[in-house]
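Asks: Submitted below is the structure of interest, expressed as structure tokens.
Chains as they are written, first to last, in this note's numbering: chain A, 1221 to 1625; chain B, 1221 to 1625.
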């Protein structure tokens, strides 16, 4: 017997038949003797439709009213799943964010969870009742509905699991786990049995869309054991856990890539103190995130070339911000390039093993792929390369680190 | 300057353009110096879709979860209308049933309103802010969402108007007022400028679908002045008010008809005390409403023929209930007929004027229409006739009482 939180995404509750299938799965867990709380997303497509309504009325909308509108999708699926469970003879009731309550701050549209009240549902779970929580939504101290940002239902599920001290938080989705790389590119990618929070975080922030970064962070901070698995198959998924739970750590656990980057190079920037602040200050003021940064040593010692990356969607705005500060910064030319991809090698094992980065550079060199920018963290090496080499690079690295199935 | 409640039905908020049009109309009322609270229905079709989801999952559903699901439709339109108002520069915020709160009993799916808290919105209306209330929904004492039954948004609006002591409650719909009869049948029907609550109640219960019976009852009991008008035209509608506000009362204000009736006749029922209870008791137990009842005097004095009407949708069930009690009741034969229509002449003026019923019977006789059952109330005479005569009867009566335009 365990206490479980099970979260079902939009494709898992996309229509009535799938909601019934989810109910059958939850009922199975209850019958097996577990205490179960469920978190649901809106039916696939519904949130987009609601966001579309809001945009059509008011492009610069009041985020409080946006939240009222878009939170309705999860309300529907929570009620429907409770009904489907009852239909199977399983006691169940729906809980909306304001009913539990799941308290958040006032940052409408991207609110952060401040607390989850679980006394009542713990009592009911002990009697065999399933709590079906509408994901993605909460309530402020002054009684207004909030939403947690896209994909926020994952975060709802992890927060609930933490508050319930659940044995596991199962994230049911349309893929059956976390892979060593994107199987659409690396045909020999294989499903990982286990992965650490840290690796999952890097994977998520690098474009593996299986889990929301915030949900993984919260799970890591609260020690919630996560499992990513398919709601359409009866297979174990991938466990996301602390390093101590991983017996035999591989050096590298995955190869990720992100096409969301764009590169900006400033040529012959004056090499003086404060120059970085004069560039990145205005970008930060414009809420543009800068990811990789590299500054070349200048031969003359008077000017330098500076390259950095921003999100592709921010490229135009970033160029305009920098151009606007040209006199203040002082550079000879600005070049931008959106045809780049960031490829990353991820693994907690690299902390204790030298040569991981070296193998990456050598592998890419052997394929004739030029590295434009490099950045590293404790458990990751990322390189920026020409986008046309994406598949070639991912496959070559996947093989080079012994990840091929 | 007045304090107004404006209610917009599903067709008035059916899409984004219509919601914008509603916002423009509300903004006009605010600009004219009025304090305005708005009540909205769900977008046309949405409630049916949500009810369909519930039925598909669970025919005998938990009404508490049904309410969670179907209340979401009004949540969406309340948020969207608040946004559309803000877009026009009008301060506005949405209020859900549980936020106001609008308190109800526990009769989920058809809850009755127990109170409406308005202190906060009164403060905000005084500052020019429009309160946009999600109609149709409330909250129980233990914090669960309720709905008020189909068309419940009218009732929400009237209850809010009563609590606010509003000068008027305007019900915007897809017709432009209350007519002397159904214009699709009586081409010369004309829009009434004013009608009494009592007449409107009879009209509503007799099939004129302009206003919910409960909303009219509540308006009458609380003295809320109602106006029924079109959201697609800029014309005054029909005022529903107390008799004291009607200066020159016409004898008859309208001719209504209902095709929803079916007739059951029991032949040669034993004419003994308690016989009516033995028939209508079982029907009441089966929640079948009986409308008109007529018992013929039996020539022999030992048996009698008894005729009554039930809703067409209940006919089959009613026949089965009665047949099941045949031994206890004791009748020779049961005949049922669904091809009947109830035609009614309505007017508070008939209280003080004799001859209204007589004119009805004579008019129908002149057209060769046989009257099967008669029932009367203080302000109404209804007859059951063969359905094929519906149009003929309505038109003839409309002319006979001088209602033709």
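Glycine included, every Cβ here is placed at the ideal spot set by N, Cα and C. Quick caveat: nothing in here was measured; it's all calculated off a predicted structure.
For the alpha helix (DSSP H) containing residue 1243(A), list its first residue and its last residue.
Replies: Run containing residue 1243(A): 1236 to 1251, per the alpha helix (DSSP H) assignment.
Asks: Tell me the rounded alpha-carbon separation between residue 1486(B) and residue 1509(B).
Replies: Approximately 17 Å, taken between the alpha carbons.
Asks: Find the residues of chain A that neighbour residue 1319(B), judging by a C-beta separation of less than 7 Å, and give them in chain order.
Replies: Residues of chain A passing the Cβ test: 1363.
Asks: Does the beta-carbon distance from residue 1704(A) to residue 1354(A) come in below 7 Å?
Replies: Absent from the structure is residue 1704(A), since the part of chain A shown begins at 1221 and ends at 1625.
Asks: With a threshold of 16 other CB atoms inside 10 Å of the CB of residue 1447(B), please say whether the residue is buried or exposed.
Replies: Flag for residue 1447(B) reads buried.
Asks: Name the chain A residues whose beta carbon is nearer than 7 Å to that of residue 1303(B)?
Replies: Simply 1274, 1277, 1278, 1281, 1282 and 1285.
Asks: Along the beta strand (DSSP E) that carries residue 1591(A), what are the first and last residues, could you check?
Replies: From DSSP, residue 1591(A) is part of no beta strand (DSSP E); its letter is neither H nor E.
Asks: Mapping the DSSP letters down to three states, classify residue 1605(B) as helix, strand or coil.
Replies: Of the three classes helix, strand and coil, the one that applies to residue 1605(B) here is strand, per DSSP.
Asks: With a threshold of 16 other CB atoms inside 10 Å of the CB of residue 1414(A), please say whether the residue is buried or exposed.
Replies: So residue 1414(A) counts as buried.
Asks: Could you tell me which residues DSSP puts in a beta bridge with residue 1389(B)?
Replies: DSSP, once it has assigned bridges, lists 1225(B) and 1446(B) as partnering residue 1389(B).
Asks: According to DSSP, is residue 1495(A) part of a helix, a strand, or is it coil?
Replies: Looking at residue 1495(A) - three-state DSSP - the assignment turns out to be helix.
Asks: Look up residue 1625(A) in the DSSP assignment and say whether it is helix, strand or coil.
Replies: Residue 1625(A) falls in the coil class under three-state DSSP.
Asks: Please report the straight-line C-alpha distance between residue 1251(A) and residue 1449(A), rounded to a whole angstrom.
Replies: Whole-angstrom Cα-Cα distance: 20 Å.
Asks: Residue range of the alpha helix (DSSP H) that residue 1341(A) falls in?
Replies: Segment 1339 to 1346, the alpha helix (DSSP H) holding residue 1341(A).
Asks: Would residue 1569(B) pass as an interface residue toward chain A - the criterion being a Cβ-Cβ separation below 7 Å?
Replies: No, no contact with chain A.
Asks: Classify residue 1406(B) as helix, strand or coil using the three-state DSSP reduction.
Replies: Three-state result, residue 1406(B): coil.
Asks: Mind pulling the chain A residues with CB within less than 8 Å of residue 1295(B)?
Replies: Within chain A, the residues near residue 1295(B) are 1288, 1289, 1291, 1292 and 1295.
Asks: Taking CB distances under 7 Å as the criterion, tell me whether residue 1299(A) reaches chain B.
Replies: Judged by the 7 Å Cβ criterion, residue 1299(A) is in contact with chain B.
Asks: Determine the extent of the beta strand (DSSP E) in which residue 1555(B) is found, giving its start and end residues.
Replies: Per DSSP, residue 1555(B) belongs to the beta strand (DSSP E) from 1553 to 1557.
Asks: Restricting to Cα atoms, I'd like to know which of 1237(A), 1246(A) and 1257(A) is closest to residue 1225(A).
Replies: Measuring from the Cα of residue 1225(A), the nearest candidate turns out to be 1257(A).
Asks: Below 7 Å on C-beta distance, what does residue 1270(A) contact in chain B?
Replies: Neighbours of residue 1270(A) on chain B, chain order: 1296.
Asks: Rounding to the nearest angstrom, what Cα-Cα distance links residue 1308(A) and residue 1242(A) in this structure?
Replies: Taking the straight line from one Cα to the other gives about 11 Å.
Asks: One question on the structure: do residue 1567(B) and residue 1459(B) come within less than 7 Å of each other, judged by their Cβ atoms?
Replies: Cβ atoms of residue 1567(B) and residue 1459(B): not closer than 7 Å.
Asks: Hey, residue 1488(A) and residue 1538(A): beta-carbon distance below 7 Å or not?
Replies: No. Outside cutoff.
Asks: Looking at the secondary structure, which residues open and close the beta strand (DSSP E) in which residue 1273(B) lies?
Replies: Note, residue 1273(B): premise wrong, no beta strand (DSSP E); alpha helix (DSSP H) at 1266 to 1277.
Asks: Is the stretch 1288 to 1305 of chain A touching the stretch 1361 to 1376 of chain A, taking contact as three or more C-beta pairs under 8 Å?
Replies: Touching, yes.
Asks: Confirm, please, whether the CB-CB distance from residue 1283(A) to residue 1329(A) is below 7 Å.
Replies: Against a cut-off of 7 Å, the Cβ pair of residue 1283(A) and residue 1329(A) comes out as a contact.
Asks: Indicate the three-state DSSP secondary structure (helix, strand or coil) for residue 1313(A) in the structure shown.
Replies: Strand at residue 1313(A).
Asks: Taking 6 Å as the limit between beta carbons, can you name the residues of its chain near residue 1564(A), skipping five residues before and five after?
Replies: Here the set comprises 1426, 1476, 1600 and 1602.
Asks: Quick check on the burial criterion: 16 or more other C-beta atoms within 10 angstroms. Buried or exposed for residue 1397(B)?
Replies: Buried.
Asks: Does the beta-carbon of residue 1535(A) have 16 or more other beta-carbons within 10 angstroms, so that it is buried, or is it exposed?
Replies: So residue 1535(A) counts as buried.
Asks: Compare the beta carbon distance of residue 1379(B) and residue 1350(B) with 7 Å and say whether it is the shorter of the two.
Replies: No, the pair does not count as a contact, with Cβ atoms beyond the cut-off.
Asks: Can you give me the Cβ contacts of residue 1403(B) inside the same chain, cut-off strictly under 7 Å, excluding the 5 residues immediately before and after it?
Replies: The answer, listed in chain order, is 1409.
Asks: Which whole-angstrom value is the C-beta distance of residue 1604(B) and residue 1483(B), which I expect to be below 8 Å?
Replies: Rounded, the Cβ-Cβ distance is 6 Å, consistent with contact.
Asks: Below 8 Å on the Cβ atoms is my guess for residue 1278(A) versus residue 1435(B); work out the distance and round it to an integer in Å.
Replies: Contact flag wrong, Cβ pair sits at about 31 Å.
Asks: Below 9 Å on C-beta distance, what does residue 1227(B) contact in chain A?
Replies: Ordered by position in chain A, no residue passes the 9 Å Cβ test against residue 1227(B), which lies about 19 Å from the chain.
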